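S.K.: My questions all concern the structure below.
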Amino acid sequence: MIEIKNLRKVFGDKVVINDVTATMEAGKANLIIGASGSGKTVFLKCLVGLFEPDSGHVFYNGRDFIEMEDDERKELRQQIGMLFQGSALFDSQTVEQNVMFPLDMFTHMTHTEKLKRVNEVLDRVNLKDANHKFPAEISGGMKKRVGIARAIVLNPKYLFCDEPNSGLDPQTSLVIDKLIHEVTKEFNMTTIVNTHDMNSLMEIGDHIIYMYHGEKEWEGNNKEIIYSKNEKLNNFIFASEFLKDAKEKRMMEAEKNIE
Amino acid sequence: MTFFNHFGRYLLMIKGMFTKPENWRMYWKELMHQCNDIGVGSLGIVVIVALFIGAVSTLQTAYQLVSNLIPKSTIAQIVRDTVILEFAPTITCIVLAGVVGSKIASELGNMRVSEQIDALEIMGINTKAYLIMPKVIAAFLMIPVLVVIAGVLGIWGGRTAGILSGILSPEEFDGGLLSGFIQFNAAFALIKAYTFAFIISSIPAYFGYYVKGGALEIGKASTTAVVTSCIMILFADYILAALLL
């Protein structure tokens, strides 16, 4: 579980994250949504220490990440996996070497054991026969899957995904979403996904936080979001006329059912 | 950013490199990889530059020595000392600043922009220690070797050019080469090589590591890294000459 208390981040005179408090539960896909520039990525980077917040606290199972010494942070980070927007695979290494890298760095396993583990996770993300390919030789969706495989190879307790669907077609996005959801449940991870993909929201949004201009505007899940009366959220989610109509129909049906 | 901001951040980067490695074997692997990149990867250009600089210095020295009172073996002495004192360490390192420096800056810049450095940080790896330290150590190990190779080949290139152009005989060149040799000159060349090795590896690493933006910024960082390294090499060259000669 990750608890965030009064997190604030300022760049110059611009407040990017303003007093955000939230709890991300284990075994759930916690989605952070919001328009571009709403502070989602900065928020995520503050949680993992890539940015230092100006004030506030981030507790990983009760341990305050912000107050930790470098060594403690290093230790904790071995329990964190992260999938980056551009996958962030090492260009000069093959898929197998990319996934094996954390094992090489942090375990004393033999090469055979490492290879077995790498094949297990690659199998888990439905990637076979790509072990010896370089990142430049595989598709965007495959890169994301390699990124997930690398993120979960050390069995992390926390998984962070920064816009996992960016640049992917709707079908591949769905595959990646399901994969993230499945591994979250399977390994009881605390997963935080930063997205503005509406399909992801409806598909895997166990817990959703809507950010607006650096502030937490709304919190709920994928069932509640349909019936939300928050105007800013509705303007963001149901931006198109088609979706607005769909929502109105759903609301009317729900009201009829109540009557 | 002002000069002092850059300098302060550069010093903090250097300080950040000195931590206990997460895994010695992986750092060793990276060091060997960098030794190969910096040493073997630059050998070809160093050989070509050294041979031609030695050859040209023989021809130009002979051209300037017009008096019959000066023995021809003096040409070999002048070529030896200029190659050892200046050409082998300084010119080689300026060439290496272009070859190795731009590679280091663009490699780290690309890793920064494509979030590979962030990915390593998230894993709990000290990226300054893992990515920069092996480059600096590899430069310390390989650049003096390249300078020694450049010195030997420069003198050999000068000897070959002198003989082929009929300026002086092999005996005259060898006689001049062995007379009045000051051993400190070789030590001075190595002191310069170690100083320049640090400049060539750490300055481009700084510009690459802290790059922000995209492909255009990586190119700019690479150019700035090479230009700054070259200026710092010339500056250090002057300081060392003023202090030690």
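Chains as they are written, first to last, in our numbering: chain D, 1309 to 1567; chain B, 7 to 251.
All C-beta atoms, glycine included, are put in the ideal place defined by N, C-alpha and C.
These numbers were taken from a predicted model, which means no experiment stands behind them.
Which residues in chain B have a C-beta closer than 7 Å to the C-beta of D/R1385? List them in chain order.
M.R.: I128, M129, G130
S.K.: Considering Cα atoms alone, identify which of D/R1458, D/C1354, D/K1451 is closest to D/V1483.
M.R.: Out of D/R1458, D/C1354, D/K1451, D/K1451 has the C-alpha closest to the C-alpha of D/V1483.
S.K.: Along the beta strand (DSSP E) that carries D/V1328, what are the first and last residues, could you check?
M.R.: 1322–1332
S.K.: Using 7 Å as the limit for Cβ to Cβ distance, is B/A125 near chain D?
M.R.: yes
S.K.: Using DSSP bridges, identify the partner residues of D/L1391.
M.R.: D/C1469
S.K.: Could you tell me the alpha carbon to alpha carbon distance between D/Y1518 and B/T234, rounded to whole angstroms?
M.R.: Our two residues, D/Y1518 and B/T234, have alpha carbons roughly 46 Å apart in a direct line.
S.K.: Along the stretch 15–37 of chain B, where does the CB come closer than 7 Å to a CB of chain D? Name the residues.
M.R.: E28, N29, M32
S.K.: Please state the DSSP three-state secondary structure of D/N1529.
M.R.: coil
S.K.: Less than 7 Å between CB atoms is the rule here; does B/E113 satisfy it with respect to chain D?
M.R.: Contact with chain D is absent for B/E113, since none of that chain's Cβ atoms lies less than 7 Å from the residue's Cβ.
S.K.: Let me confirm a value: D/Y1368 is counted as buried when at least 16 other C-beta atoms fall within 10 Å, else exposed. Which label applies?
M.R.: buried
S.K.: Counting only beta-carbon separations shorter than 7 Å, does B/Q122 have a partner in chain D?
M.R.: yes
S.K.: Taking the alpha-carbon of B/V154 as reference, which of B/A203, B/A248, B/S171, B/A192 has the nearest alpha-carbon?
M.R.: B/A192
S.K.: Alpha carbon to alpha carbon, what distance is there between B/I110 and B/P210?
M.R.: 6 Å
S.K.: For the beta strand (DSSP E) containing D/Y1518, list its first residue and its last residue.
M.R.: 1515–1520
S.K.: For B/S48 versus B/V105, is the C-beta spacing smaller than 7 Å?
M.R.: yes
S.K.: Given a limit of 9 Å on CB to CB distance, which residues of the stretch 1348–1369 of chain D reach chain B?
M.R.: K1353, V1356, G1357, L1358
S.K.: Hey, would you say D/V1433 sits closer than 7 Å to D/V1407, going by beta carbons?
M.R.: no
S.K.: Would you say D/K1317 faces chain B, with C-beta separation under 7 Å as the test?
M.R.: no
S.K.: Taking contact to mean 3 or more Cβ pairs, one atom from each stretch, closer than 8 Å, check whether the stretch 1523–1543 of chain D and the stretch 85–104 of chain B are in contact.
M.R.: no
S.K.: Let me know the secondary structure DSSP gives D/F1351 once reduced to three states.
M.R.: helix
S.K.: Grouping DSSP H, G and I as helix and E and B as strand, with all else coil, what is D/I1340?
M.R.: strand
S.K.: So, is D/V1461 buried or exposed, given that buried needs 16 or more other C-beta atoms within 10 angstroms?
M.R.: Residue burial is scored here from C-beta neighbours: D/V1461 has at least 16 other C-beta atoms within 10 angstroms and is therefore classed as buried.
S.K.: On the premise that D/N1314 lies in contact with D/G1364, defined as a C-beta separation below 8 Å, what is that separation, rounded to the nearest angstrom?
M.R.: 4 Å
S.K.: Rounding to the nearest angstrom, what Cα-Cα distance links B/L246 and B/V46 in this structure?
M.R.: 28 Å
S.K.: Could you give the first and the last residue of the continuous beta strand (DSSP E) run that contains D/I1500?
M.R.: 1498–1503
S.K.: With 16 as the cutoff for other CB atoms within 10 Å, does D/S1344 come out buried or exposed?
M.R.: exposed
S.K.: Sorted by chain position, which residues of the same chain lie with C-beta nearer than 7 Å to B/A103's C-beta, five sequence neighbours on each side aside?
M.R.: I206, V232, S235, C236, I239
S.K.: May I ask you to report which of helix, strand or coil DSSP gives D/S1363?
M.R.: strand
S.K.: Cβ closer than 7 Å: which chain B residues qualify as neighbours of D/P1410?
M.R.: M129
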